[in-house]
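These notes are about the structure you will find just below.
Below is the structure:
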C-alpha cells in the first residue's frame, strides 16, 4: 500500500480529478469574483476597471455598515442562543432523560429537517396581524392588548427572526453537543460526585471543560453559518422593513443581481469572507489560550 | 499578483460581456417570458396563435414560460448578458434596467418596425407617449399590452352610509379618512409588503403639489427628494399612516390581502391601477358588488401646481421583443400582435390595452367603461414615484413603503434613504 501511495504519479492520479473539479467549481469562481472587485458595471453595460474604488465605497456606504451591524448582531445573538439552548438540551438528554431521551431528541430535531421557507411561512402566520391575527397576536388580544405587526417593525422583526432561527437549529446543536457529552467517561463523573461535586459545580468543573472541544466546534460552526445567513431572512422578511433586517449576504445579492453592480457585489462578498476568517481565527486563538490554562 | 488577476478578470469579463450572438431560442420557437403573478400576456398570445397569428404560429410556434416577479429582473439581466433574451418578454420591474437594454441594443425598436408595415397607428398616442416618457426614447421600445390609469377606488355604500362626499382635495381626503377611522372603518386598503401601493401616494401628492415635471427634475438632478417641498409629500403620507388609515398590519399585508380588504368591505378606499378591474369584475372575489365601487382621481393639493386632470397612467409592465431573437419569426408575430392583441385581451380578460381596437364590444362591464371614459377624458398623464429611479432607489423606496404606511418611518427619513440610493 505504502509503495503504491509513495509514487508521486499515483498520488497525482488519485488526487488529480478531485483537485480539478475543486479548482473548476470553487477556486476559479473565487478568483473570478476577486477580479470583479476591481471593476464596475454589469453584464449589460459592460465592465470598467476602477481600481480600489469599490473598497472605498464599501467603507463609506451607510447601507453596508447597516448590513454589517445587523450581521454581527444577528450572528452573536443567534450563536449564543443556538449553542446555549443546544447545550442545555444536551445536558437534559444526558443527565435527566437519559435512555428515554430519543423521543424528545427526535421531536426537537424535527425543525432541522423542515425546509426554511416552510418554517418562515409558519412564523409569518404565527406573528401576523392582518388579515387574521396569528396565535401571537390572538394571545395579546386575549389579554386585552392591541396587537402588533411584528414583521412590520424593525425591532420586533429582528427578534422574530432570532427566535425562528434558534428554534430551527437548536435540535441540531443539541444532538452535536449530546455526542460530545456521552463521550465523557462515566467513571470521571462518578468520581467527581464521590468527591462532592454535584449540580452546577459538576457542570462547571467537569462537564464544561471536558466538552470544550465539541463546544468550540459548535461555536465555530454556528458563527460561520450565522454570519452567512441568507435563506431564512429572505423567506421571512426579505430584509425589511426597509433594510432593517438586511444582512451582508442579502445586500451583496441585491447589489450584484438586482442593481446589476457585480463589482461592488463581489467587494461585499470579499469583505464577508474576510470577516468569517477573522472571527474563526479569533475564536481559535482565544480557545487555545483557555485550553492551555485548563 | 493582483495585476495578473485583474488582467485575467478583465479578459474573462470582456468575454462574458460580448457573448455569442445566439438569440433566445436555438430552435425556431417564438419564446415568451411572462410572470407567474399575471398570466394575461401569455394567455392572450396563446389565444392569438389560433386566432389572428396562425401564419406566424405555423412558421415559429409559440413556447410560453413565466417566472416569479421578484426574480424577473435578475433573470432578464443574466439572459441579456448572454444575448439569450426570449422573443417576447414582460419588461423588467425597473424601467432603468429596460433603459440599459435599449442602450445595449438588445431590444427591437417597435415604432420603427411597425412603421415599415404602416401599422404605427395601431399603438394609441397616449400609450406611445407614456412609453416614450418612461424609457426616455422618442420611439416605442415596448408593446402596450396594458393601459392603466391609477386613482382611488371607493366603496360607495360606505361613503353614503357615513355621509362622505367624494373628496376633491387632499384635505378633504384626509378628513374623510379620519371620519371613517372614527367610525371604526379602515380608511384605505394598503399593501405595504410590496410597498409601491403606499409610495404611489407620495408620487401622486408630489405631482399635484409641485406639478407634472417634479420627479423629472429629481431624475435630472435639478432637485432633491430631501428638499423641503418634496419631503412634505412623504410627511403627509407618513402622518396618514400613523393615524392608522392603512390599517395596523399594513406593513405585512400583501397585494391579495389588500384587494381582499377592499372587496370584502373592510376598507373604504383603495389606491390602485385599473388593472384591478379583472378582480372587481369577478363576482367570486368582489363581495361588495361592482355597482358599489366608484373611481376618483387622486385629489388636488390646495395651492398646488398640478391638476386632477393629469392622470397617473402606465402601461403596466409592457412586453418587449429581443433584437437577437427577432429574426426568428419576430416580424410576423409583431405584425399580428399589433393588429389583434387589443381586441383579444379586452374580449378574453377585460383588460384595456394601448392598442387600437377594431371594434368596441357593446357588453363592457360598467367599471371598465368608466375607466375607458376616464382615459378618453384625460388631457395629460403623469408617471409614478419610482418610474424614473434606478433599481437601488426603487428598492429603497418600495421596501420602506410599509414603514411609511404604518407611520413608523418619518417622511424625512424615507426621502433621505431614497435620495441616498439615487446617489446624486
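Chains as they are written, first to last, in the working numbering: chain A, 1 to 294; chain B, 295 to 718.
Note that beta-carbon positions come from the ideal geometry of N, C-alpha and C, so glycine has one too.
Beta-bridge partners of residue i, as assigned by DSSP
i, result
"residue 606/B", "676/B"
"residue 499/B", "None; residue 499/B has no bridge partner."
"residue 49/A", "39/A"
"residue 590/B", "446/B"
"residue 732/B", "The question about residue 732/B has no answer, for chain B in this structure spans 295 to 718."
"residue 251/B", "With chain B running from 295 to 718 in the structure shown, residue 251/B is simply not present."
"residue 345/B", "Its beta-bridge partners do not exist; DSSP assigns none."
"residue 417/B", "649/B"
"residue 561/B", "480/B"
Secondary structure of residue i, DSSP reduced to three states
i, result
"residue 286/A", "helix"
"residue 708/B", "helix"
"residue 440/B", "coil"
"residue 540/B", "coil"
"residue 575/B", "coil"
"residue 402/B", "coil"
"residue 452/B", "helix"
"residue 316/B", "Confidence is the limiting factor: at residue 316/B the pLDDT is only 39, short of 50, which leaves the residue's position unreliable, though a coordinate-based value still follows. Residue state, collapsed to three classes: coil."
"residue 356/B", "strand"
"residue 664/B", "helix"
"residue 435/B", "coil"
"residue 148/A", "coil"
"residue 275/A", "helix"
"residue 460/B", "coil"
"residue 18/A", "helix"
"residue 510/B", "helix"
"residue 292/A", "Here the model assigns residue 292/A a pLDDT of 41, short of 50, so the residue's position is not dependable, and the following value carries that caveat. Helix, per DSSP."
"residue 625/B", "helix"
"residue 130/A", "coil"
"residue 378/B", "coil"
"residue 336/B", "helix"
"residue 487/B", "coil"
"residue 699/B", "helix"
"residue 10/A", "helix"
"residue 714/B", "helix"
"residue 31/A", "helix"
"residue 247/B", "An answer regarding residue 247/B cannot be provided, because it is not within the stretch 295 to 718 covered by chain B."
"residue 135/A", "helix"
"residue 265/A", "helix"
"residue 259/A", "coil"
Host beta strand (DSSP E) of residue i (start-end)
i, result
"residue 243/A", "Unbroken run through residue 243/A: none, as it is neither H nor E."
"residue 166/A", "First-last for residue 166/A: 154-182, but that is the alpha helix (DSSP H), not the beta strand (DSSP E)."
"residue 207/A", "Run containing residue 207/A: none; DSSP gives neither H nor E here."
"residue 520/B", "No beta strand (DSSP E) contains residue 520/B, which DSSP labels as neither H nor E."
Continuous alpha helix (DSSP H) stretch holding residue i: start and end
i, result
"residue 619/B", "617-620"
"residue 223/A", "212-227"
"residue 330/B", "Where residue 330/B is concerned, there is no enclosing alpha helix (DSSP H), given that its DSSP letter is neither H nor E."
"residue 365/B", "363-375"
"residue 480/B", "Per DSSP, residue 480/B belongs to no alpha helix (DSSP H); it is in the beta strand (DSSP E), 480-483."
"residue 556/B", "549-557"
"residue 585/B", "Neither: residue 585/B is in no alpha helix (DSSP H) and is coded neither H nor E."
"residue 251/A", "248-253"
"residue 25/A", "Counting along the chain, residue 25/A falls outside any alpha helix (DSSP H), and DSSP gives it neither H nor E."
"residue 393/B", "389-397"
"residue 658/B", "Residue 658/B -> no alpha helix (DSSP H), and no H or E assigned at all."
Amino acids of chain D, ordered along the chain, whose beta-carbon sits closer than 7 Å to that of residue i
i, result
"residue 375/B", "This model lacks chain D altogether, as its protein chains are A and B."
If we count Cβ pairs, one from each stretch, closer than 8 Å, do we get three or more for the segment 583-591 of chain B versus the segment 348-362 of chain B?
Taking 8 Å as the limit for Cβ pairs, the verdict is that the segment 348-362 of chain B does not touch the segment 583-591 of chain B.
Hey, is the segment 372-392 of chain B in contact with the segment 612-626 of chain B, meaning 3+ C-beta pairs nearer than 8 Å?
By the Cβ test, the segment 372-392 of chain B is in contact with the segment 612-626 of chain B, since at least three Cβ pairs between them sit closer than 8 Å.
Say whether the segment 231-251 of chain A touches the segment 265-277 of chain A, bearing in mind that this needs 3 or more beta-carbon pairs closer than 8 Å, one atom from each stretch.
Touching, yes.
Please give the ranges of any alpha helix (DSSP H) in the segment 42-120 of chain A, keeping only runs that are unbroken, at least 4 residues long and fully inside the region.
Taken in chain order, the unbroken stretches of alpha helix (DSSP H) that lie wholly in the segment 42-120 of chain A and span 4 residues or more are 53-60, 62-91 and 101-113.
When the Cβ atoms of the segment 629-639 of chain B are set against those of the segment 460-470 of chain B, are three or more pairs found closer than 8 Å?
Between the segment 629-639 of chain B and the segment 460-470 of chain B there are fewer than three inter-stretch CB-CB distances shorter than 8 Å, so the stretches are not counted as touching.
Stretch pair the segment 699-709 of chain B + the segment 531-539 of chain B: three plus CB contacts closer than 8 Å
Yes, the segment 699-709 of chain B is in contact with the segment 531-539 of chain B.
Does the contact criterion of 3 or more C-beta pairs under 8 Å hold for the segment 228-243 of chain A versus the segment 187-201 of chain A?
In this structure the segment 228-243 of chain A does not touch the segment 187-201 of chain A; the number of beta carbon pairs closer than 8 Å is below three.
Is the segment 79-86 of chain A touching the segment 155-170 of chain A, taking contact as three or more C-beta pairs under 8 Å?
Short answer: they touch.
Does the segment 478-490 of chain B come close enough to the segment 561-580 of chain B to have 3 or more Cβ pairs within less than 8 Å?
Touching, yes.
Touching by the beta-carbon criterion (3+ pairs, under 8 Å), the segment 597-609 of chain B and the segment 498-505 of chain B
Below 8 Å, enough C-beta pairs join the segment 597-609 of chain B and the segment 498-505 of chain B to call them touching: three or more.
Pairing CB atoms from the segment 140-149 of chain A with CB atoms from the segment 58-65 of chain A, are three or more of them under 8 Å?
With the cut-off at 8 Å, the segment 140-149 of chain A and the segment 58-65 of chain A do not touch.
I want to know whether the segment 397-408 of chain B touches the segment 643-652 of chain B - three or more CB-CB distances under 8 Å.
Fewer than three Cβ pairs drawn from the segment 397-408 of chain B and the segment 643-652 of chain B lie within less than 8 Å of each other, which leaves the two stretches out of contact.
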